[in-house]
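Here is the structure we will look at, set down as structure tokens.
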């Protein structure tokens, strides 16, 4: 049987520990090609590079896996995988991550990791983004690798509708404390951000974004609930953002 | 009666003709504050700036309207409006645009214009992004201004559910050819992009993103249909990206 073709990207860049954790989890299940940003690109959402020339280079080749890095965003990396590196080949699965940090609730919209997965599903590939609830640079990926190894072959075997990306978040606890897998919906919430003013060396004001996620939901079918109760959260995400529930109530008069 | 407070942003930058078109359309309906990027930031999606210090400056004050520009993304601009410039005030309406170019179908996900509107609706403001189907730098905004002037007071008066942003696209035709307003859903589609290789002055390869939108839908209730038939498309957009229709079919075995 033909090995599945798996394209891997991330938003933490080519040196991230989580990238190598994802390769470790996926390598037995297909032919792997890695295309990742040449630096940290967290929080860039679905950004594409329109104003700058894009470049790509092969920076590593190991165990039959080619690793490319680009000066583009995670979404640009997926386009490079689809249109340049794997041009004319069907990509069975696009994986992104393993992100250093949660992508639950509305973080999904800001996430470069999930944007890569979402981009991946546009043209008929299965897609999943993995995130570990640990922002640390040297986070321990033992539990995450174990869970990803269980899930990746199941995703490859699953019957999924087209244009669906799975948003998979994994609690940072020892494996024996993981209670199982929950299929979840997106938790209602927002980032209560602050723009903290500071002074630079020349006395000019600048700002850093800081903040925390506000859970407005607290329901058992949500990703946040699953994660705080030590479940792996698997959330199907769609491209269609239409608010169908309010279409009928909208009336805008013509002239 | 208290004047509504209206925050305006865009993704085409502080000099864009479409920005001044939106101010022109909105200025009679409330107190206006403008916070926009200091350069062209199209296609940056929901990107936020996490790795660089953010700065903001007042660059213009005219007819009682303050105009600020930042080195951040459209979403950063909304955060500056909410957390710094208008801190502790309720923003009634966040407007974004008028974008030079369509944001129909899946362009919604790449759009900085719509990301600003979506960010705007997170914390209880009404929100709408306006886009004109004309990418030209010096596009004629006559029809778009007329339509926006009709729609903005209706949006202010409308009863909308929380956390909804309106994605409003306006055909580039003379006003008398506009057939009316249609409430639409997001057209199924994707960008058939190519990464075109070129050589720089040193013989090294670089790439530009180019492409076109593929309509996979062609239905009468979609934004693309409305726009190609000279209707203004008003599309309610939600933050929740959960694919509810496939939640029940997903099964991932535990250990």
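Protein chains in written order, with the numbering used here: chain A, 1 to 255; chain B, 256 to 510. Where a beta carbon is used, it is the ideal one built from N, C-alpha and C, also for glycine.
What ranges does the beta strand (DSSP E) occupy inside the stretch 376 to 450 of chain B, keeping only unbroken runs of at least 3 residues that lie completely in it? 381 to 387, 419 to 425, 435 to 438
Indicate whether the contact test is met: 3 or more Cβ pairs, each with one atom in the stretch 410 to 421 of chain B and one in the stretch 370 to 390 of chain B, closer than 8 Å. yes
Chain A contacts made by the stretch 321 to 337 of chain B, where a contact means CB separation under 7 Å: 334, 335
Cutoff 8 Å; reference residue 191 of chain A; Cβ partners in own chain excluding five residues on either side: Closer than 8 Å at Cβ, skipping near neighbours: 106, 107, 110, 211, 212, 213, 214.
By DSSP's criteria, residue 68 of chain A is part of a beta bridge. Which residues make up the other side? A/35, A/58
Taking Cβ-Cβ distances shorter than 9 Å, what residues in chain B pair up with residue 59 of chain A? Those within 9 Å of residue 59 of chain A in chain B number zero; the least Cβ separation is about 15 Å.
Exposed or buried, residue 435 of chain B, counting other C-beta atoms within 10 Å across all chains shown (16 or more means buried)? Result: exposed.
Rounded separation between residue 37 of chain A and residue 142 of chain A - CA only: 24 Å
Rounded separation between residue 287 of chain B and residue 331 of chain B - CA only: When rounded, the distance between both Cα atoms is 18 Å.
So which residues on chain A does residue 295 of chain B lean against when the C-beta distance must stay under 9 Å? 50, 51
Run down chain B in chain order and give the residues with a C-beta less than 9 Å from the C-beta of residue 193 of chain A. 303, 334, 337, 338
Which same chain residues, not among the five before or five after residue 444 of chain B, have their C-beta less than 8 Å away from its C-beta? 360, 361, 468, 469, 470, 471, 472, 479
Segment limits, beta strand (DSSP E) that includes residue 464 of chain B: 460 to 470
Per DSSP, what are the beta-bridge partners of residue 93 of chain A in this structure? A/6, A/126
Given a cut-off of 8 Å, decide if residue 358 of chain B and residue 424 of chain B are closer than it, judged by their beta-carbon atoms. yes
Within the continuous alpha helix (DSSP H) that includes residue 261 of chain A, where are the two ends? Nothing can be reported for residue 261 of chain A, as the shown portion of chain A is limited to 1 through 255.
Buried or exposed: where does residue 157 of chain A fall if 16 or more other Cβ atoms within 10 Å of its Cβ makes it buried? exposed
Among A/249, A/140, A/93, A/101, which has the Cα closest to the Cα of residue 153 of chain A? Of the candidates A/249, A/140, A/93, A/101, the one whose C-alpha sits nearest the C-alpha of residue 153 of chain A is A/93.
I need the DSSP call for residue 271 of chain B, collapsed to helix, strand or coil. coil
In whole angstroms, what is the alpha-carbon distance linking residue 463 of chain B and residue 221 of chain A? Straight-line Cα distance between these residues: approximately 43 Å.
Give every residue of the same chain whose Cβ lies closer than 7 Å to the Cβ of residue 155 of chain A, excluding the five residues on either side of it in the sequence, and list them in chain order. Excluding five sequence positions before and after residue 155 of chain A, the CB atoms of its chain that fall closer than 7 Å to its own CB belong to 93, 126, 128, 166, given in chain order.
Contact check, residue 391 of chain B vs residue 355 of chain B under 8 Å by CB: the rounded distance? Contact annotation, residue 391 of chain B with residue 355 of chain B: C-beta distance approximately 7 Å; criterion of less than 8 Å satisfied.
CA-to-CA distance, residue 493 of chain B to residue 243 of chain A, given in whole angstroms: 5 Å
Since residue 282 of chain B is in the alpha helix (DSSP H), which residue starts that stretch and which ends it? Run containing residue 282 of chain B: none; DSSP gives neither H nor E here.
Shortest alpha-carbon distance to residue 205 of chain A belongs to which of B/303, B/289, B/312, B/297? B/312
What are the start and end residues of the alpha helix (DSSP H) that includes residue 80 of chain A? Where residue 80 of chain A is concerned, the enclosing alpha helix (DSSP H) stretches over 74 to 80.
Taking residue 506 of chain B as the reference, give the member of A/202, A/23, A/232 with the closest Cα. A/232
So the candidates are A/28, A/132, A/35; which of them puts its Cα closest to the Cα of residue 178 of chain A? Checked all of A/28, A/132, A/35; the closest Cα to residue 178 of chain A is A/132.
Alpha-carbon spacing of residue 81 of chain A relative to residue 375 of chain B, whole angstroms: 33 Å
Please report the Cβ distance between residue 367 of chain B and residue 300 of chain B, rounded to the nearest whole angstrom; I am assuming they are in contact, meaning their Cβ atoms lie under 8 Å. 7 Å
Considering only the alpha carbon of each residue, which of A/236, A/115, A/194 lies closest to residue 501 of chain B? A/236
Using only CA atoms, which one of A/90, A/138, A/50 lies nearest to residue 259 of chain A? Given that chain A is displayed from residue 1 to residue 255, the structure contains no residue 259 of chain A and the question cannot be resolved.
How about residue 329 of chain B and residue 265 of chain B: do their beta carbons lie closer than 8 Å? yes
Residue 161 of chain A versus chain B: which residues are under 9 Å apart at the beta carbon? 498, 500, 501, 504
Rounded C-beta distance between residue 72 of chain A and residue 40 of chain A? I'm assuming under 8 Å. About 13 Å separates the two Cβ atoms, so there is no contact after all.
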